[in-house]
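Visitor:
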Amino acid sequence: MKLETQPFVKPSLPVDLSSRRFDVNEQGYYGQFGGAYVPEMLYPNVEELRENYLKIIAEPAFQAEFDQLLRDFAGRPTPLFLAARLSEKYGTQIYLKREDLCHTGAHKINNTIGQILVAKRLGKARIVAETGAGQHGVATATVCALMGLECTVYMGKLDIERQKPNVDRMKMLGATVVAATCGSQTLKDATNEAMRHWINHPVDTHYIIGSVVGPHPYPDMVTRFQSVISKEIRQQLRERIGRPNPDYVIACVGGGSNAAGAFCHFLHQPDVRLLAIEAAGKGLDSGHSAATTALGKPGILHGSRTILMQTDDGQVTEPYSLSAGLDYPGIGPIHAHLFETGRAEFHAISDDEAVAAAFELSRLEGIIPALESAHAFAYLPKLHARPEDVVVISLSGRGDKDLATYTKYIPD
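Quick note, the sequence shown lines up with residues 37 to 448 if you use our numbering.
(1) For Thr212, count the other beta carbons within 10 Å of its own beta carbon; 16 or more makes it buried, fewer makes it exposed. Which is it?
(2) Within 8 Å, do at least three Cβ pairs link the region 191-210 to the region 157-176?
(3) For Gln305, which residues from the same chain have a beta carbon less than 7 Å from its beta carbon, with the 5 sequence-adjacent residues on both sides left out?
(4) For Ala120 and chain C, any beta-carbon pair shorter than 8 Å?
(5) Note down the Cα distance separating Arg276 from Phe102, rounded to an integer number of angstroms.
(6) Give the straight-line distance between the Cα atoms of Glu314 and Ser247, rounded to the nearest whole angstrom.
(7) Look up Tyr461 in the DSSP assignment and say whether it is helix, strand or coil.
(8) Kindly indicate which three-state DSSP category Ala384 falls into: helix, strand or coil?
(9) Give the secondary structure of Gly297 by DSSP, where H, G and I count as helix, E and B as strand, and everything else as coil.
(10) Could you work out which residue in Thr128, Arg134, Glu95, Ser357 is closest to Ala110 when comparing CA atoms only?
(11) According to DSSP, what are the bridge partners of Ser409?
(12) Measuring alpha carbon to alpha carbon, tell me which of Ser398, Tyr284, Asp363, Gln63 ends up nearest Leu429.
(13) What number of angstroms, rounded off, separates the C-alpha of Gly254 from the C-alpha of Val426?
(14) Figure out for me which residue from Asp438, Gly290, Gly319, Pro113 has the closest Cα to the Cα of Gln271.
(15) Which class does His237 belong to by DSSP, given the choice of helix, strand or coil?
(16) Smallest Cα separation from Ala390: which of Thr176, Asp256, Ala316?
(17) Going straight from the alpha carbon of Lys224 to that of Gly71, what length do you get?
(18) Spatial neighbours of Leu16 within its chain, please: C-beta separation below 6 Å, excluding the five flanking residues on both sides.
(19) Quick one: Cα of Glu376 to Cα of Tyr65, how far?
(20) Rounded to whole angstroms, how far is the Cβ of Gln199 from the Cβ of Lys437, which I believe are closer than 8 Å?
(21) Rounded to a whole number of angstroms, what is the C-alpha to C-alpha distance between Tyr415 and Lys160?
(22) For Ala100 and Tyr89, what's the separation of their Cα atoms in angstroms?
(23) Which term fits His420, buried or exposed, when burial requires 16 or more other beta carbons within 10 angstroms of its beta carbon?
(24) Count the C-beta pairs between the region 383-403 and the region 356-372 that are closer than 8 Å, then say yes if the count reaches three, no if not.
(25) In angstroms, rounded to a whole number, what distance separates the CA positions of Asn228 and Ile245?
(26) If you count every other CB in all the chains shown that lies within 10 Å of the CB of Cys218, and 16 or more means buried, which is it?
(27) Among the candidates His233, Ser220, Ala226, Met183, whose CA atom is the shortest distance from the CA of Leu209?
(28) Measuring only the C-alpha atoms, how far is Ala155 from His242?
(29) Alpha carbons only, please: which of Thr328, Phe69, Gln63, Val308 is nearest the one belonging to Pro369?
(30) For Arg57, count neighbouring C-beta atoms within 10 Å of its own C-beta (all shown protein chains included) and say buried if the count is 16 or more, exposed if not.
(31) Thinking His233 and Arg86 are a contact (beta carbons under 8 Å), I'd like their distance in whole angstroms, please.
(32) Can you check DSSP and say which residues form a bridge with Val164?
(33) In whole angstroms, give me the CA-to-CA distance for His371 and Glu124.
(34) So Ile467 and Thr347 are supposed to be a Cβ contact under 8 Å. How far apart are they, rounded?
(35) Cα-Cα, which of Lys207, Leu116, Pro447, Gly378 is closest to Leu137?
(36) Using the beta-carbon count (16 or more within 10 Å), is Glu197 buried or exposed?
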C-alpha cells in the first residue's frame, strides 16, 4: 500500500481541550489516526480479535485473573519514588514511577499478561511477538512459559547483537528467537517478520504486539492493559500529596506503550502537562534519528494510519537510536493524535543527552535506567519546572540490558 506524502502541519500551543476526546472511537480511530489497514489474509485474525477483545476483558473472571497476576506475578503496584537528590538539583518535586521493578524489568509485562489471557480465551496455542530492546520479547516468553504456550519472537539482527542478555533470557524461558535480517535489522523489520508469521499461521496463533502500534484493536488493547500505570500514579499521589494529578508526566516514546499507559488517566485532565520524549539519535538533521514527530508525516505503517518518517515517494525511512526500543520509524496512532491536537508535547533527545542522563540518575539516586527511559530524564534540564510543581517520570525499564553500551562511556 502506497504511503501518503502530503505535508503535515504541526500543532500550535496552547490548545483548548474542553471539547476534545482522546480515546479510540468505534471504528478504531483516534481523530484521523488508527484503523486497520491489513492484507486480506490477515483480516480474519484482526477481525476475530476486534469482535471479542472488549467482551473478554470485561468479564469478571478475566479481570480477577488479570489483577491477581499483576499483583502476585508482576509485582504490582510498582512504587512511586520521590527522587530527593534529583529534585534538589532541578528545583522541583520529581517522582519516579518504578516500572523497572516489574517482573522482567520493564512495563512490558503488564500488556503480555493481558494479551496471553485474551489468547487463551480465543483458544490459541501459539504466540508470536516482535521485540526491539528485548524487554517485550522477554515479557512474552515469560507469560508463555507461565501458561504453557509455544513462543516465537522476531528480533532484528542488530538488536540481537546489542541486547544479548535479553536474547539469552528469552531462550532460557523456552522461546525461539528468530533474527530479522532485512532492512535496518531492527524493530521495524522484526515487526514485519512477526506479521508475516501471523499471516501464515492464522488459526492457532495470536500475535502479542508490544506497543500501541498495529491495526485496531491493538493500540486500544495495549493502552488498556498499560493504563494500570497512570491508575496507580493517581492513587499513589493522592496518598502522598493529597491530590491525584501531577503537574507534569514525562515518558519516552518509540511506538509508545509506556507513555500511553502513563498518560491514559490524565488525557482528559487539562491541568496535567504530558511530555513525550522521542529519540533524536545523532541529531535531527543527521540522517540518523528516530524523532517521528519532528521528521515524519501521516501514512500507513504496520496496519494503522499514523505519523511516520518517510521519503518523498512514501518509502519508510530507516530510523536510528542508540536505544533499541526507540529505534522505530513511527509512533502509535494514539500519540499521533495527541501530537496533532497538541494534548501532548513532543520533544527529541540525542544519544549523548540520554547517556548523560542515565549516568546522572545512577549517581544521584542509585538507579540505572534503561536507555529508553534515560531519554525522559534527559529532558529535565529543559523543563524549568517550579519548586511547587510535581513531576512524574515513567521509569519504564532498568538498565541491566544496556550495560554493554554504558560501559563504552565509563572513563578508564
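Glycine is no exception: its CB is placed at the ideal position from the N, C-alpha and C atoms.
Guide: Looking at the coordinates:
(1) exposed
(2) yes
(3) Asn281
(4) In the structure shown, chain C cannot be found, because there is only a single protein chain.
(5) 26 Å
(6) Approximately 15 Å between the Cα atoms of the pair.
(7) This structure does not reach residue 461, given that the chain is present from 37 up to 448, and the question cannot be answered.
(8) strand
(9) helix
(10) Arg134
(11) The partner list for Ser409 (beta bridge, DSSP) is empty, contrary to what the question assumes.
(12) Note on residue identity: the sequence assigns Ile, not Leu, to residue 429. Answer by Cα proximity: Tyr284.
(13) Checking the sequence, you will find Tyr at residue 254 rather than Gly. Going from the Cα of Tyr254 to the Cα of Val426 covers about 32 Å.
(14) Pro113
(15) coil
(16) Ala316
(17) 19 Å
(18) For residue 16 there is no data in the structure shown, the boundaries of the chain being 37 and 448.
(19) 13 Å
(20) Indeed they touch by this definition, with Cβ atoms about 6 Å apart.
(21) Taking the Cα positions, Tyr415 is about 42 Å away from Lys160.
(22) 16 Å
(23) Under the 10 Å beta carbon count, His420 is surrounded by fewer than 16 other beta carbons and is classified as exposed.
(24) Contact between the region 383-403 and the region 356-372 is established, with three or more Cβ pairs separated by less than 8 Å.
(25) 11 Å
(26) With fewer than 16 other beta carbons inside 10 angstroms of its own, Cys218 counts as exposed.
(27) Met183
(28) Each residue's Cα considered, the two are about 6 Å apart.
(29) Cα-wise, what sits closest to Pro369 is Phe69.
(30) With fewer than 16 Cβ atoms within 10 Å of its Cβ, Arg57 is classed as exposed.
(31) Wrong, their Cβ atoms sit about 20 Å apart, outside the cutoff.
(32) For Val164, which the question treats as bridged, DSSP gives the partners Thr188, Tyr243.
(33) When only Cα atoms are considered, His371 and Glu124 end up about 31 Å apart.
(34) No statement about residue 467 is possible, as the shown extent of the chain runs from 37 to 448 and does not include it.
(35) Leu116
(36) exposed
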